[in-house]
Structures are given as structure tokens and as C-alpha cells.
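Reading through the C-alpha cells given below for one structure.
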DNA sequence: TTTTGAGTTGTTCGA
DNA sequence: GTCGAACAACTCAAA
């Protein structure tokens, strides 16, 4: 037992329970302090009004409160993590810094730098698996290679799973090893250079994560039937909590496993998808910039800027696409079905490079996760692993009719179309109600920026050109 | 080494 | 409206 101070550096694990790094630090040291860095290297890339920063801020407030209940506090710094962490560790005479693995290429680089800096001062740097059940090389093919097809990956994942993988790290019994001190107030969003942003709807922090998970467990049995309908409360809405680690993946997976049945199994499968893409990113960091399938890396997309702008603004003239994009713009979230529809539309109707869309989602999604976002976009663009065949192109009208039958979701985000009946709302340009209404109230909803049937053929040609 | 079965989420067309 | 086949061939993973 080491009486020196140890730091637990929180990054995407903003909770005080079932936490690998915190558990190991508390078990091995008697003076443990938790620290969060507002990393200027990351913040510099964000818009001044950013829901993620606001979400993190709320999470930190809960962490601070939780730590204060034990006579401790949360250390918060604003600067370059690669400088702040080693400086803080030296200042506090820390013997070690504890973190959980972060698999994103930039994070791997950052952690390597921090590790070297700490080592130069004789400070240990311990890193643990925490945000996934299986990581890196834990699920490999019989030939020892990375899986690039989901279904066999999932089979192996489930076959390997046992109770030990789902055990929580019991942090509670060791909390008396938290260092006793008083930190200052959290720096305000304004001090960090950001505007206020209401994120209450996402229920930030550990408390919010628990509330959402409890709520989801009550309807998880219907998950499979309801998850594809954006107007229905089907999903768990835990993506942002998984992103920032305000929930524990072990607790989630364990509960789903225990509940069983179609709904829970389907949801568990989504959690496995999350790990599948993280594993891909670990083995193939080049997918951040390039197509998973090299032969599709340099497709000659026309990349029309006006069409891209129409897509971004939710002004394509395809109601389901526009409703999805407006949901993203207005709330920072988009239903998964709409992520597929809007992504397919950008790449295969507007013929814009999937990287443009990926970047736009990255700027806007509160639950943005590099591995999942990149994997999803490459899947939709047919450039990824396990991609759908290139000729499988979503029809935005058919998708709309199937997944928003009564147009309830479209009406929510495209109110200028709400006068249209359930049949007409999916394709207003085909309806004679349009001209009538335009005359009467001057409704301005754009005509379709492309003809799907024409665009579809162009996409087929484009993809055959590889 | 060779063989075999299968591959998240779809669309269109014709019977 | 509903149903099944075609849409290309290829690659992956395991036997």
C-alpha cells in the first residue's frame, strides 16, 4: 500500500462506480485524487456552442459532488493534457497516474506522450480496459486475425463471454482512500470559452445515466419492434452516456444478458457492434481518413457544395431526410434509422464523399464517437467492412413510408408540411395539395434537389467505376 | 488446401 | 396489395 498520492485521470469514464482505473488506484494507494482536464487540443476544434462540452460540465458537477461527499474533490484543469497531467502529478508528488484505455488514434498518441513524460519523472502510468467488454486482440479469428465481418465476430464474442467479464469493479469499499482536500469551483463554460447550452434532455451525469437505463429496462422487451421508428420511444438513448462513461458497459451488458429475450438480445447485439467498430479502429487506424476497402478509397464523387449545404440544412426536399437533419441541428441527436437514411442519401443520392458527412456528424452529434461514426458512415457508403452491396441504395420515400408511416416525425421537424395528409407527406412534390397550400400560406418547402431514380443510377455508375 | 455457407438494417420488378 | 426472385460477384471465416 502506497501512501503517496495517485491521480485518476478521467476522460471518457465520468463516473465513480464500476470504474477500472479508480478501482485499481484506490486499492493500491491511500491518497487518490481524481482529475479532469479540459484539453485545449480538443476544445480548440469545437464550435463555441457545443452540447458535448455542456454535457461534460454537468457530469463534472456530479463527480465533484460525489467526491465531496467523501471529503475529497475533483481537480479540474484547462490546458494541454500532455502538459497538465505530468505537471499535476509532479506538483502533488504522485507515485502513479491511473487511466482507462482510450483506443482512438489521437488518444493513443496522447497517452504515449503522457506516459513518457511521467516516466521521465519516475511516475508510473497505469492503463486499464474499462469501456468495452472485449478489446483489441481479445476476439480474434482462428487464424489469429482481426474480424472484419460482424456476425462471426459476434458469435465469438458471445462464446467467450462469461460472468467474470460482466463483474463490476467494486469501488465503494475503498472510497476512504480518496485524498481529503478542497478544490475550487469548476471553471464556468464562459471561462472555458463556450456558450451555455441546454443539455437537460440528455440527462447528463451518472444520475442521468441511471435514470435512462432504468427507464429503458422497462421497455427493453419491445426494443426490437420499436427501435426503427423515429417517432416512437424505442431506443435506450444511452449513446451519449456510453460515450462519456457515465454508465458502465459491464452493468449494461450484464443486465441485458440477465433479462434475455428478443429485445434484450437485439440491444446486446448493438453493444457488440460498438465493440466491433472499436476493434476495427484499433487494428485499422487508417479508416479515420481512408475507406476500409482500399479499392473504394478514391471514388470520383462530384461533391457538389450546394447539394451538401442543402443536406446540412435539412432543405433537400425529401421530408424524412430533412426531418432527420433538422433533428440533428436542433437537438444534437439523430435517431439511428435516420442516420442511415441521411447518410445513404448524402452519398448515393447527392454523390458527396462520405467523409464530408462523417465530419458534419462529428461536429454535431452529442454522442459522437469516432469508431461508431466512422463505422456507420463507411457501412452506409459501402466502403466499410461488412458493407452492404453497393447497389443497395435506400429509397428515401420508401423508408419514410415504412418507418414514419403517419408522418408524425416529419411533422415534428418539418412543420411547414404538417398540412399534408399521411400519404402525401412522404413525397410532397407528387401531391396536388402543394400548389394549393403554397398559394394560400406561402409555405416554403424546397422541391427535391435531385430525382432519386436518376441519382440512384448515377450512384451505381459511380461505384462501378472503381 | 479446398470447400462451403454466409454476409445488420434494401429496392425493384414482375407475377 | 403481396410475394419471391434478381440484383454481381466477392470475401470472409470455419470446417
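Numbering (my numbering), first residue to last: 1 to 466. Beta carbons are placed, not taken as given, at the ideal position from N, Cα and C, and that holds for glycine.
Query                                                                                                                           : Result
Unbroken alpha helix (DSSP H) run spanning residue 162, endpoints                                                               : Premise fails: residue 162 is in no alpha helix (DSSP H) and is neither H nor E.
Residue 272 vs residue 396 beta-carbon contact at 8 Å                                                                           : no
Test item: CB-CB of residue 96 and residue 6 under 8 Å                                                                          : yes
Own chain partners of residue 49 with C-beta closer than 6 Å, once the 5 adjacent residues on each side are dropped             : 195 and 197
Nearest-angstrom Cβ-Cβ length linking residue 101 and residue 127, presumed shorter than 8 Å                                    : 5 Å
Residues near residue 119 by beta carbon distance below 8 Å, same chain, minus five either side                                 : 125
Buried or exposed (CB count within 10 angstroms, at least 16 for buried), residue 172                                           : exposed
contact_flag[the segment 241-261, the segment 5-22] where n(CB pairs < 8 Å) is 3 or more                                        : yes
Cβ-based neighbour list, residue 113, same chain, cut-off 7 Å, excluding 5 preceding and 5 following                            : 82
Beta-ladder partner(s) of residue 9, from DSSP                                                                                  : 35
DSSP state of residue 303 mapped onto helix, strand, coil                                                                       : coil
3-residue-minimum beta strand (DSSP E) runs that sit fully inside the segment 324-352, ordered along the chain                  : none
Residue 241 (DSSP reduced to helix, strand or coil)                                                                             : helix
Pairwise C-alpha distance: residue 40 and residue 288                                                                           : 21 Å
Backbone secondary structure at residue 445 - three-state DSSP                                                                  : coil
Candidates 275, 281, 324 and 367, of which the one nearest residue 131 by Cα                                                    : 275
Reduced DSSP category for residue 224 - H, G, I as helix; E, B as strand; rest coil                                             : helix
With 16 other Cβ atoms within 10 Å as the buried cut-off, status of residue 4                                                   : exposed
Endpoints, alpha helix (DSSP H) assigned at residue 253                                                                         : 249-259
Cα-Cα separation, residue 442 to residue 192                                                                                    : Because residue 442 carries a pLDDT of 49, less than 50, the predicted location of this residue cannot be relied on, and the following value inherits that uncertainty. Spanning the two alpha carbons is a distance of roughly 43 Å.
Nearest-angstrom Cα separation, counted from residue 207 out to residue 238                                                     : 12 Å
Identity of the residues DSSP links to residue 127 by a beta bridge                                                             : 99
Cut-off 8 Å between Cβ atoms - residues of its own chain near residue 460, not counting five sequence neighbours on either side : 390, 391 and 393
Neighbour-count burial assignment, residue 236, 16 or more Cβ in a 10 Å radius                                                  : buried
Contact under 8 Å by Cβ, residue 414 with residue 349                                                                           : no
For residue 79, three-class secondary structure by DSSP                                                                         : strand
Assigned exposure category for residue 327 - 16 Cβ within 10 Å defines buried                                                   : buried
Extent of the continuous alpha helix (DSSP H) to which residue 23 belongs                                                       : 20-28
Distance between residue 43 and residue 79 (C-alpha atoms, nearest Å)                                                           : 9 Å
Spatial neighbours of residue 368 in its chain, beta-carbon cut-off 6 Å, leaving aside the 5 residues before and after          : 362
Validate contact between the segment 375-391 and the segment 283-301 using beta carbons, cut 8 Å, 3 pairs                       : yes
Distance, residue 178 Cα to residue 184 Cα                                                                                      : 17 Å
Residue of 170, 317, 202 and 344 minimising C-alpha distance to residue 410                                                     : 317
Cβ shell of residue 88 (< 8 Å), same chain only, five flanking positions each side left out                                     : 7, 35, 75, 77 and 94
Exposed unless 16 or more other CB atoms sit within 10 angstroms - verdict on residue 469                                       : Since the first residue shown for the chain is 1 and the last is 466, residue 469 is missing from the structure and cannot be characterised.
Coil, strand or helix - residue 4 by DSSP                                                                                       : strand
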